[in-house]
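Asks: Counting from 1, one number per residue, gives the positions in the sequence shown under the UniProt record's numbering. Note that beta-carbon positions come from the ideal geometry of N, C-alpha and C, so glycine has one too. Dumping the structure here so I can ask a few things about it.
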Amino acid sequence: MYKMIVSDLDESLLNDAGQVSERDRATILRLQAQQVKFVPNTGRGFASVQALLKTIGTYQQPDQYVISYNGGVVVANQANQILRHHYLPFAVADQLYRMALAEPDLGIHLYTVHHVYVRNLDANEVSYIKSRGVDVLPLTGADLSAFAKRPIVKIIMKNLDPEKLAAFRARAERQVAEPLTVTYSSNRYVEFNPANVNKGSATLELGQALGIKPEEIIALGDNDNDFSMIQAAGCGVAVQNAVPHIKEAANLILTANNNQDPITEIYQRLFQ
1 MYKMIVSDLD
11 ESLLNDAGQV
21 SERDRATILR
31 LQAQQVKFVP
41 NTGRGFASVQ
51 ALLKTIGTYQ
61 QPDQYVISYN
71 GGVVVANQAN
81 QILRHHYLPF
91 AVADQLYRMA
101 LAEPDLGIHL
111 YTVHHVYVRN
121 LDANEVSYIK
131 SRGVDVLPLT
141 GADLSAFAKR
151 PIVKIIMKNL
161 DPEKLAAFRA
171 RAERQVAEPL
181 TVTYSSNRYV
191 EFNPANVNKG
201 SATLELGQAL
211 GIKPEEIIAL
221 GDNDNDFSMI
231 QAAGCGVAVQ
241 NAVPHIKEAA
251 NLILTANNNQ
261 DPITEIYQRL
271 FQ
């Protein structure tokens, strides 16, 4: 019997307009009535998913949770209490930032615990962020000295050319001495988290805290940063629009893509 679903948001649970469908909203409420926890597991910060939590009925509710920043922070929804956190060393974040500044075709997103700071965004990225309802602040300066005393959860770079992202990743892994967890997401980002911090490890941490075994967990995802939770969960599920290696790792590949009520298909196939 499955007791928890952890779900990626963008291009997985959410449709192309950045919304959860009405059918899936109703299905999530039905699952909760059957004592199945529904936990967003996202690369976003928890502040940006509060509207979604209202939609699915877990906003400010006790014993409800969000995994954010690719596992960097686990939050209890009631009072947004941080239960677990894993921060990037400042020197590492600063080095990655300065490396990205040398390449003006890379957009930069810097995530602190409560805010997202951005730099070098083109019109496409501005539109994408707006569709996801994420509030951002400008990022300036030749380095991150202004953030030296503030926890940094992750830093990501954006370009729609996967080869450019791969080239930057390769340079970062050569030049940064500190081990890192590096993933891709949304077919536009390369993301840098601390070593061994990922959606899968955070899923297992939360499950253990709640007395839920790995085999009692379903994980839904579509892209590279979802791979660890697809592997960690008892049932890893890929939406139809998932990248090939996520489909290869999944126990179940949905016929639905992210625009076709994926949670409802999970419910029909695994709970009925």
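Report the three-state DSSP secondary structure of residue 273 (helix, strand or coil).
Replies: Here the chain comprises residues numbered 1 to 272, so residue 273 is not present and cannot be evaluated.
Asks: Any contact of the region 189-208 with the region 35-45, i.e. 3+ C-beta pairs under 8 angstroms?
Replies: yes
Asks: Would you report the Cα separation of Leu137 and Arg269, rounded to the nearest angstrom?
Replies: 42 angstroms
Asks: Which residue from Asn70, Gln50, Ala256 puts its Cα closest to that of Gln61?
Replies: For Gln61, the nearest C-alpha among the options comes from Gln50.
Asks: Considering only DSSP beta bridges, list what Thr183 is partnered with.
Replies: Glu191
Asks: Can you tell me which of Arg84, Arg30, Glu191 puts its alpha carbon nearest to the alpha carbon of Leu110?
Replies: Glu191
Asks: What span of residues does the beta strand (DSSP E) with Tyr111 cover, start to end?
Replies: 107-112
Asks: Evaluate Ala238 with the Cβ neighbour count: other Cβ atoms within 10 Å of its Cβ, from every protein chain shown; 16 or more gives buried, anything less gives exposed.
Replies: buried
Asks: Use the C-beta contact count for Ala126: other C-beta atoms within 10 angstroms, 16 or more gives buried, fewer gives exposed.
Replies: Here residue 126 turns out to be Val, not Ala, going by the sequence shown. Counting Cβ neighbours within 10 Å, Val126 comes out exposed, since fewer than 16 surround it.
Asks: In terms of residues, what are the limits of the beta strand (DSSP E) holding Ala47?
Replies: Where Ala47 is concerned, there is no enclosing beta strand (DSSP E), given that its DSSP letter is neither H nor E.
Asks: Shortest alpha-carbon distance to Tyr184 belongs to which of Ala47, Pro162, Phe46?
Replies: Pro162
Asks: Hey, how far is the Cα of Lys3 from the Cα of Gly236?
Replies: 14 angstroms
Asks: My output table needs one value for Ile212: the three-state DSSP class, helix, strand or coil.
Replies: coil
Asks: Pick from Ala148, Ala167, Pro151, Arg150: whose alpha carbon is nearest that of Met157?
Replies: Checking every option, the nearest Cα to that of Met157 belongs to Ala167.
Asks: Out of curiosity, what's the CA-to-CA distance linking Asn258 and Ile28?
Replies: 15 angstroms
Asks: To which residues does DSSP link Pro253 through a beta bridge?
Replies: Per the sequence presented here, residue 253 reads as Ile, with Pro not at that position. Answer is Ala238, bridged to Ile253.
Asks: Give every residue of the same chain whose Cβ lies closer than 7 angstroms to the Cβ of Leu121, excluding the five residues on either side of it in the sequence, and list them in chain order.
Replies: Gly107
Asks: If you measure between the beta carbons of Leu88 and Asn193, is that distance less than 9 angstroms?
Replies: yes
Asks: Rounded to whole angstroms, what's the CA-CA distance from Phe186 to Asp10? Just pull it up for me.
Replies: Per the sequence presented here, residue 186 reads as Ser, with Phe not at that position. Roughly 7 angstroms separates the two Cα atoms.
Asks: What number of angstroms, rounded off, separates the C-alpha of Gln35 from the C-alpha of Val92?
Replies: 41 angstroms
Asks: Is the distance from the Cβ of Leu144 to the Cβ of Ile152 below 9 angstroms?
Replies: yes
Asks: With distance defined between alpha-carbon atoms, name the residue in Asn15, Pro244, Ile5 nearest to Asp261.
Replies: The shortest C-alpha separation from Asp261 is found at Asn15.
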